[in-house]
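Under full-length UniProt numbering, the letters of the sequence shown match residues 1 to 492, in that order. Reviewing the structure listed below.
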Amino acid sequence: MSNQNKEKNESDVTEELTRVNDNIWDIPTSHAYGMNVPGRLFLSEKLMGTIDKETVNQVANVAMLPGILDYSMAMPDVHLGYGFTIGGVAAFDEEEGVISPGGVGFDINCGVRLMKTNLLKEDATPHMKILTENLFKKIPSGVGSKGEFKVTDTELTEAFLHGSQWAVEAGYGIESDTKNCESYGFMEGGNPDTVGTKARKRGRPQFGTLGSGNHFLEIQYVDKIYDPVAAAAYGLEEGQVTVMIHCGSRGAGHQICTDHLQTLNQAVKKYKINVPDMQLACAPAKSKEAQDYFDAMKCGANYAWANRQIIMHWTREVFEQFYGKDTDALGMELLYDVAHNVAKYETHEVDGKKQDVYVHRKGATRAFPAGHPEVPQQYRDVGQPVLIPGSMGTPSFVLKGGPNSMSLSFGSACHGAGRLMGRGKAKGSMNGEAIQEELARQGITVRAEKASVIAEEAPSVYKNSDDVVDVVDSLGIAQKVARLIPIGVIKG
């Protein structure tokens, strides 16, 4: 895009919005016929230049769905998605509202977990090539990748029902792992009968695999502490080595979404719901179609938690073998695990009254504040850990749920840096080998199956993670605790 066109695009977008403060912009209901609530963008003026009309229109489209409450929201990492934007948040009344797979996405419970160690940067950096290679060999990655862990139909059903808890009981982890997961590593009420045969077939061989796209396993170190009290509660200190795992429900989740979209496309007609875009296919929240999808989505979410649990277990094994110490001696404890693509049935305050709602978070992270009963007891005094991954060569962040998250965003924050350039364009314009060499000069070892994977995930195709995090921090949605710098990256 030329500078002239870019300036015109930014100007056009801004002209249609109402500026609330430095980091909040509203889309008035006059923007488009049929909007039930305004849209709300959590963006700094700098980040406003990263969005276009299509993205604004998607936020407005979601505002047209029945029973939506308060605002159709977009986080600072927002970009164009399927139906909902990626970075979109919307809450729906349980009586008048709907449930929509577009508000969750195909990669159900794509999420992040962060594991601590008691290693220091200097203990790891001299060995990064070997460690990265060993992890790459141990943990399959890439499109269609299959793991060494083959489950039976009975085991798959248990994973759909119990997520991380099933994986730990199967020997892939330790009991404390599940205590430090969102929803304790599984959503109750999953119904495997709502998961089709093809989804089961695709999911069975893919446990313990990263997959492709922006998924990764990253060895990092803590280079800055912003909040010493919260950092101490989370067990973080400067120079400490951490491991971040970012992946989701693989083919199982994708197929669950695909299968139920077919049903919900028909439900839109059955219930006479006017949607501006069929990618927003939905059904009344209490209908059989919506609840069947919700129960299947829970199975997909539980699969993802089990998947990350198994990957973490194998990561521990690689570190144990390399350093000649066990998990306890290495301090390889799970700090937290958060979902990015999920719908949750939660209680929130709406118009001064407690109300049960369906919160859709697509490319958005739950960010509950201090004192919330769903925050693990050991973190409850400071707030839920909020994990924000960077983009291969840029910092990741640990935040804490802020005091304004419940009132501003239904307890939701951003989920990452947010793409600026599509994968196809990145492949055509970026040189993966050159990027890998440049990152190596910066002290970051990157391992991927193909150079094209590195090209499509180059740091420059994403927004600046600092800029994104600064918005939610300044608004009190999620506040900075620590910054993590990558030193070893495995890409799908």
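By construction, the Cβ of each residue, glycine as well, lies at the ideal position given by its N, Cα and C atoms.
Reduced DSSP secondary structure (H/G/I, E/B, other) of residue i
i           : result
F410        : coil
residue 496 : Past the edges of the chain, shown from 1 to 492, lies residue 496, and the structure says nothing about it.
C299        : helix
N118        : strand
R204        : coil
S11         : Note on S11: pLDDT 44, under 50, position unreliable in the model; no value is reported.
L65         : coil
F186        : coil
N3          : Residue placement at N3 is flagged as unreliable, the pLDDT there being 40, under the threshold of 50; the coordinate-derived value follows with that caveat. Here N3 sits in helix by DSSP.
N431        : coil
E346        : strand
H415        : coil
I477        : coil
A285        : coil
D467        : helix
F368        : coil
D193        : helix
A32         : coil
C257        : helix
H340        : coil
K400        : strand
Q220        : strand
L484        : strand
Distance CB(residue i)-CB(residue j) smaller than 8 Å
i    : j    : result
V56  : M75  : no
T117 : V13  : no
H415 : D77  : yes
L387 : L114 : yes
L330 : G235 : no
G67  : E96  : yes
P385 : M64  : no
V357 : E94  : yes
C181 : W25  : no
L131 : R200 : no
N302 : F186 : yes
Residue of the options minimising C-alpha distance to residue i
i    : options                   : result
K491 : I388, S452, M115 and E237 : S452
V461 : A417, A434, V472 and G476 : A417
E320 : I310, M332 and Q309       : M332
S474 : G401, E158, Y358 and V350 : G401
G34  : N21, N61 and L17          : N61
G432 : A458, G424 and A343       : A458
G488 : N404, L217, R380 and A285 : L217
M73  : N464, I130 and I27        : I27
T178 : A440, L119, I310 and E289 : I310
I99  : A281, N21, L69 and H372   : A281
H215 : P284, D337, C110 and S287 : C110
N21  : V375, L43, Y379 and L484  : L43
A290 : K270, K353, R308 and L120 : K270
V471 : H31, S30 and L41          : L41
Residue i Cβ short of 7 Å to the ligand ZN heavy atom set
i   : result
I99 : Judged by which ligands are present, the structure shown has none, so any question about the ligand ZN falls away.
Whole-Å CB distance - residue i paired with residue j, under 8 Å assumed
i    : j    : result
L439 : G390 : With a Cβ gap of about 12 Å, L439 and G390 do not count as contacting.
D70  : V112 : No, D70 and V112 are not in contact; Cβ-Cβ is about 26 Å, not under 8 Å.
Segment contact, 8 Å Cβ cut-off, at least three pairs: the segment 101 to 109 with the segment 235 to 254: yes
The segment 407 to 414 contacting the segment 364 to 382, beta-carbon criterion three pairs below 8 Å: yes
Three-pair Cβ contact test at 8 Å for the segment 434 to 454 versus the segment 188 to 197: Contact between the segment 434 to 454 and the segment 188 to 197 is not established, with fewer than three Cβ pairs separated by less than 8 Å.
Segment contact flag, the segment 122 to 140 with the segment 301 to 321, C-beta cutoff 8 Å, min 3 pairs: yes
At least three beta-carbon pairs within less than 8 Å, the segment 266 to 277 to the segment 231 to 245: no
At least 3 beta-carbon pairs within less than 8 Å: the segment 218 to 226 vs the segment 150 to 166: no
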